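Only one structure is covered here, and it is reproduced in the block below.
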Amino acid sequence: MTEVAPIQRFDRTVGITYSGAETAESSLKALRVYQTVKGGPAEEVAPPDGVKKYWSRHALADWLRERLAEDIPTIIGLDHALSFPMRYYEVHRLPPDWSAFLTDFRAHWPTDRPHTYVDFVRDGITGRGAERMGDPSWLRLTDEAVRAAKSVFQFSGHGSVAKATHAGLPWLDHIRGACPTVHIWPFDGWTIPTGTSAIVEVRPAMWKGLYDQAARTSAQHRAFTSASWLRDADMDGRMSEALSPELPPSVAACAQLEGWILQETGRNARSVRSTGIPPSGG
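Counting along the sequence shown from 1, when you hit position 119 you're at 120 in our numbering, and nothing is skipped either side.
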């Protein structure tokens, strides 16, 4: 029997190493973008001419909006969390609605405003962050399942994504509002319609060692790795499997509110408690 070749879903893959440093307008050396086009090599994308030497979060959001407006099926891997643990929703009495969560978070953590550091909101200098704090002991189910993941409220230590997450979520809300057809996985559903562009959460540390680092910096290589893995997984069929993890119904339902880190099939259900109830704390 002839083996059927996998169907490639995306013509472009984008890997982003995000940074929550400084302000939305700051030129950030750690904020890196790589892309592949039609199965080609992952190449670094520089910020537009005349902007700044390195990407700023604002400039990146503008660039993503432009790419998502193009008729090119694209999958974008962001290495920060796209939502918070169920415990956060419970403690702050928020409805189980991810779209409402984004709006509420942006109102309390306006890190997309000019001259606004994440720490300014944490310290009460601006915004209303004190009304929407979390505890480092709070984990999403996907954080429990992925060894490389940390709590979205752990602001220090190797592998921490808390600052990047708190800086990136308001921009995700911007992008979602400007690009209503983009599919943010799995919040908009586990199945991404054919021909649709998508944003997924990734942790390039899971794919450490798969690609030679060459002369790239650590931040560059993480973005390179994400773009390369998304390309390779899309071309060989692993992408379809990763986008359809075999999870207990309760876990799958919780993940559509908390988010899920894209990963190899077979690892998805490992170490995830079948109850779907995250640990309490704080």
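Backbone N, C-alpha and C fix where the C-beta goes; we use that ideal spot for every residue, glycine too.
Fair warning: this is a prediction, and the values are worked out from it, not measured in the lab.
Under 8 Å between the Cβ atoms of S198 and A43?
Along the sequence shown, read from residue 1 onward, the residue named residue 198 stands at position 197. Along the sequence shown, read from residue 1 onward, the residue named residue 43 stands at position 42. Against a cut-off of 8 Å, the Cβ pair of A43 and S198 comes out as no contact.
Note the first and the last residue of the continuous beta strand (DSSP E) segment covering A199.
In the sequence shown, residue 199 corresponds to position 198, counting from 1. It spans A199 to E202 - the beta strand (DSSP E) in which A199 sits, taken as one unbroken run.
From which residue to which residue does the alpha helix (DSSP H) around Y35 run?
Sequence index remark: in the sequence shown, residue 35 carries index 34 (1-based). Here Y35 belongs to no alpha helix (DSSP H); instead the beta strand (DSSP E) covers R33 to V38.
Please identify the residue among R177, H109, R33 and P115 whose C-alpha is closest to the C-alpha of T218.
Residue 218 sits at position 217 when you count from the first residue of the sequence shown. Nearest C-alpha to T218: R33.
Inter-residue spacing [alpha-carbon to alpha-carbon] between P111 and D105:
Position 110 of the sequence shown, counting from 1, holds the residue named residue 111. Position 104 of the sequence shown, counting from 1, holds the residue named residue 105. P111 and D105: Cα-Cα distance of roughly 10 Å.
Give me, in chain order, the residues of the same chain whose beta-carbon lies closer than 6 Å to that of G78; leave out the 5 immediate sequence neighbours on both sides.
As a first step, residue 78 must be located in the sequence shown, where it is residue number 77. These residues qualify, in order along the chain: G16, V201, V203, S227 and L231.
Beta-carbon within less than 6 Å of Q214's beta-carbon, same chain only, minus the 5 sequence neighbours each way: which residues are those?
Position 213 of the sequence shown, counting from 1, holds the residue named residue 214. Contacts found: H222.
Nearest candidate by alpha-carbon position, reference P171, set S100, T75 and I76
Sequence index remark: in the sequence shown, residue 171 carries index 170 (1-based). The residue with the shortest Cα to Cα distance from P171 is S100.
Helix, strand or coil: which one does DSSP assign to G130?
Position 129 of the sequence shown, counted from the first residue, corresponds to residue 130. Looking at G130 - three-state DSSP - the assignment turns out to be helix.
I'd like to know if the segment 118-137 and the segment 181-191 are in contact, where contact means that at least 3 CB-CB pairs between them fall below 8 Å.
no
Output needed for Q9: all residues of its chain with C-beta closer than 6 Å, excluding positions within five of it in sequence on either side, in chain order.
Here residue 9 is taken as the residue at index 8 of the sequence shown, counted from 1. Excluding positions up to five away in sequence, the list reads D235 and M236.
Cα separation between P97 and R114?
One-based indexing of the sequence shown puts residue 97 at position 96. One-based indexing of the sequence shown puts residue 114 at position 113. So the two alpha carbons sit approximately 27 Å from each other.
In whole angstroms, give me the CA-to-CA distance for M2 and M207.
Here residue 2 is taken as the residue at index 1 of the sequence shown, counted from 1. Here residue 207 is taken as the residue at index 206 of the sequence shown, counted from 1. Here the model assigns M2 a pLDDT of 45, short of 50, so the residue's position is not dependable and the matter cannot be decided.
Nearest by alpha-carbon distance to K30: which of Y55, T18, V38 and G40 is it?
Residue 30 sits at position 29 when you count from the first residue of the sequence shown. Here the closest residue by C-alpha is Y55.
Reduced DSSP category for H175 - H, G, I as helix; E, B as strand; rest coil
The residue given as residue 175 occupies position 174 in the sequence shown. Here H175 sits in helix by DSSP.
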